[in-house]
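To start, the structure under review is shown below, and the notes come after it.
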């Protein structure tokens, strides 16, 4: 069964426009905002929540929510604007980094690539620097942090080789800031 695809029922939420919040400036804070919004709005598991980098006079990270139905979109927009968020229609770009998506809660521990594709909305797994797709039986250590990105209307998880002939997501859960030890 192919994974569900997002629909045109989408909103972009800019926390920097919220009267009580400063602009979200990093991905970790945007991930937290998406999880907070999912809990506050009691979002169903088939909602997509993505982060998007905005590079304008105020560089920041905004989030988008894509809903399976128009009634869910309308309800979420009403509740978000009632809380003081700026919720504009659509998504800011086509390359969002998915944090919330169908099946994400099942991507914990070590799974096979085939399991990742079967259990979630992820369409494809790639290996950084490799032109070939990984074997469906290849083991993926998720670190409980799986952040695929939209590429040409497909949700793609980029991985990299790791110890023990395994793969790991390219994005690590707690990255070391550049030049942290200098």
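In the numbering used here, the protein residues as written are 471 to 652.
Using N, Cα and C, we set each Cβ at its ideal position, and we do this for glycine too.
All figures in this text were calculated on a predicted structure; none of them were measured in a lab.
Which of helix, strand or coil does DSSP assign to residue 529? In the chain shown, counting from the first residue as 1, residue 529 sits at position 59. The answer is coil: DSSP assigns residue 529 none of H, G, I, E or B.
Between 503, 480, 522, 549, which has its C-alpha nearest residue 511's C-alpha? If you number the chain shown from 1, residue 511 lands on position 41. Of the candidates 503, 480, 522, 549, the one whose C-alpha sits nearest the C-alpha of residue 511 is 549.
Out of 605, 583, 534, 600, state which residue places its alpha-carbon closest to the alpha-carbon of residue 523. Counted from its first residue, the chain shown places residue 523 at position 53. With distances taken between Cα atoms, residue 523 lies closest to 534.
Find the nearest neighbour of residue 634 within the set 494, 580, 589, 618, judged by alpha-carbon distance. Residue mapping note: residue 634 aligns to position 164 of the chain shown, counting from 1. Closest option to residue 634, Cα to Cα, is 580.
For residue 508, is the beta carbon positioned less than 7 Å from some heavy atom of the ligand PLP? Summarising the ligand content, the structure contains no ligands, and the ligand PLP is consequently not present.
Between the segment 580 to 589 and the segment 526 to 546, do at least 3 Cβ pairs fall closer than 8 Å? no
Cβ-based burial, residue 637 [other Cβ within 10 Å; buried from 16]: Position 167 of the chain shown, counted from the first residue, corresponds to residue 637. Answer is buried; the Cβ neighbour count reaches 16.
List in chain order: all unbroken beta strand (DSSP E) runs of 3+ residues lying wholly within the segment 533 to 611. 556 to 559, 567 to 570, 580 to 582, 594 to 597, 609 to 611
Beta-carbon spacing of residue 577, residue 616 below 8 Å: Here the question's residue 577 lines up with position 107 in the chain shown. Here the question's residue 616 lines up with position 146 in the chain shown. A contact, by the Cβ cut-off of 8 Å.
Have a look at the DSSP bridge pairing and note the partners of residue 523. Translated into the one-based positions of the chain shown, residue 523 becomes position 53. Partner(s): 531.
Just checking, does the segment 498 to 513 make contact with the segment 563 to 570 on the three C-beta pairs under 8 Å criterion? yes
Can you round the beta-carbon distance between residue 595 and residue 629 to whole angstroms, since I take them to be within the 8 Å contact cut? Taking the chain shown and counting its residues from 1, one reaches residue 595 at position 125. Taking the chain shown and counting its residues from 1, one reaches residue 629 at position 159. Contact holds; Cβ gap of about 6 Å.
Does the beta-carbon of residue 521 have 16 or more other beta-carbons within 10 angstroms, so that it is buried, or is it exposed? The sequence position of residue 521 within the chain shown is 51, counting from 1. It is buried - the Cβ of residue 521 has at least 16 other Cβ atoms within 10 Å.
Pair within 8 Å by beta-carbon distance, residue 632 and residue 611: The residue given as residue 632 occupies position 162 in the chain shown. The residue given as residue 611 occupies position 141 in the chain shown. Yes, the pair counts as a contact, with Cβ atoms nearer than the cut-off.
Report the CB separation of residue 598 from residue 543 in whole angstroms; it is logged as a contact under 8 Å. Working through the chain shown from its first residue, we reach residue 598 at position 128. Working through the chain shown from its first residue, we reach residue 543 at position 73. Contact doesn't hold; Cβ gap of about 35 Å is too wide.
Given a threshold of 16 other Cβ atoms within 10 Å of its Cβ, counted over all protein chains shown, does residue 618 qualify as buried or as exposed? As a first step, residue 618 must be located in the chain shown, where it is residue number 148. By the neighbour-count rule (16 or more Cβ atoms within 10 Å), residue 618 is buried.
Examine chain C for any beta-carbon lying closer than 8 Å to the beta-carbon of residue 607, and answer yes or no. The displayed structure is made up of one protein chain only, and chain C is not part of it.
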